[in-house]
């Protein structure tokens with residue numbers, strides 16, 4: 015688990031930074047939905063081959079729903095626990111990432127950050143060569159894992175996931191089955207009512223095009239950081255442009271989040287201002303990190 019060294023934040027400062035807001039959460043998710051609707055409109059009106067970049071744009075907004083999924087899992091997107099759970103469950107559906115499953119997965123990640131055996135985010139381990147890097151970015155393993163979970167949930171057997179407590183398996187399996195029914199109903203309903211191409215153009219295509227970009231984003235969070243419990247060194251904060259911060263709900267302030275998971279997205283920049291000088295791993299831009307990482311993978315041993 016990422017340890018919080020003493021006196022990084024005082025008790026009063028942490029309480030002030032940890033204030034949650036239904037209004038801030040509602041404003042951000044409403045903006046996200048508006049951006050998705052706008053990108054969907056571009057897909058609907060795009061002529062000819064220009065539908066492909068429009069689908070990519072829609073996909074980028076769709077896959078960045080991972081950010082509110084993550085935020086709601088920590089119950090920090092909204093003050094209301096119920097709102098967190100409902101919104102979190104819904105925003106996970108386009109990427110077939112069940113909110114209840116992700117909660118168990120991600121809590122284990124926080125508890126065992128960078129533990130090669132117990133951190134589920136290290137299965138599979140970070141890419142060690144160009145081939146494994148490209149495979150990770152292609153997101154094939156991601157989709158394989160999503161389909162496997164769905165199959166396991168319908169069989170009622172989640173014993174293959176050690177981070178899921180036995181008492182939680184039935185609830186997670188049920189939630190995953192309902193997610194499958196919900197997504198299938200939306201996809202088939204839109205195909206019947208609007209045309210077979212609608213789920214392809216507005217969901218499947220955008221997801222396949224954009225999930226690799228989310229893989230690029232997530233790979234930076236811990237890869238190359240220390241494999242120990244030092245929260246100042248085992249997690250990377252990546253400073254980026256306002257658009258990425260907007261779409262990803264300030265997730266780039268990742269070390270701050272791991273040190274203090276109670277701090278909501280709209281206060282992470284303030285936490286960064288306080289903690290910056292103590293953080294051990296700060297990167298300036300995602301492209302810069304990937305360029306350096308690729309060079310290390312291609313360097314002769």
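Residue numbers (my numbering): 15 to 315. All C-beta atoms, glycine included, are put in the ideal place defined by N, C-alpha and C. In this text, all values refer to a predicted model and were calculated from it rather than measured experimentally.
is_contact[residue i, chain C] using C-beta, thresh 8 angstroms
| i | result |
| --- | --- |
| residue 199 | In the displayed structure, chain C is absent; only one protein chain is listed. |
Nearest-angstrom Cβ-Cβ length linking residue i and residue j, presumed shorter than 8 angstroms
| i | j | result |
| --- | --- | --- |
| residue 270 | residue 251 | 6 angstroms |
| residue 72 | residue 54 | 6 angstroms |
| residue 122 | residue 177 | 4 angstroms |
| residue 367 | residue 297 | It is not possible to answer for residue 367, since the shown part of the chain is limited to 15 through 315. |
| residue 46 | residue 275 | Residue 46 to residue 275, Cβ: 21 angstroms. No contact. |
| residue 148 | residue 312 | Not really, about 12 angstroms apart at Cβ, beyond 8 angstroms. |
| residue 83 | residue 105 | 5 angstroms |
| residue 299 | residue 254 | 6 angstroms |
Sub-8 angstroms separation of residue i and residue j beta-carbons
| i | j | result |
| --- | --- | --- |
| residue 110 | residue 195 | no |
| residue 101 | residue 86 | yes |
| residue 293 | residue 69 | no |
| residue 200 | residue 78 | no |
| residue 232 | residue 304 | no |
| residue 248 | residue 137 | no |
| residue 237 | residue 156 | no |
| residue 164 | residue 190 | yes |
| residue 287 | residue 264 | no |
| residue 187 | residue 170 | yes |
| residue 285 | residue 31 | yes |
| residue 119 | residue 134 | yes |
| residue 241 | residue 139 | no |
| residue 280 | residue 245 | no |
| residue 166 | residue 174 | yes |
Reduced DSSP category for residue i - H, G, I as helix; E, B as strand; rest coil
| i | result |
| --- | --- |
| residue 88 | coil |
| residue 296 | strand |
| residue 55 | helix |
| residue 132 | coil |
| residue 303 | helix |
| residue 201 | helix |
| residue 138 | coil |
| residue 343 | Outside the shown range of the chain, which is 15 to 315, sits residue 343, and nothing can be said about it. |
| residue 277 | coil |
| residue 98 | helix |
| residue 73 | helix |
| residue 61 | coil |
| residue 7 | Nothing about residue 7 can be reported from this structure: the residues present for the chain run from 15 to 315 only. |
| residue 145 | helix |
| residue 267 | coil |
| residue 93 | coil |
| residue 49 | helix |
| residue 316 | This structure gives no information on residue 316, because the portion of the chain shown stretches from 15 to 315. |
**Complete runs of the alpha helix (DSSP H) confined to the segment 155-196 [at least 4 residues]** = none
**Meets three-Cβ-pair contact criterion under 8 angstroms: the segment 22-36 and the segment 79-99** = yes
**Request:** Counting only runs of 4+ residues fully inside the segment 209-260, write out the alpha helix (DSSP H) ranges in chain order.
**Result:** 219-233
**Given 8 angstroms, three or more beta-carbon pairs between the segment 223-232 and the segment 111-131** = no
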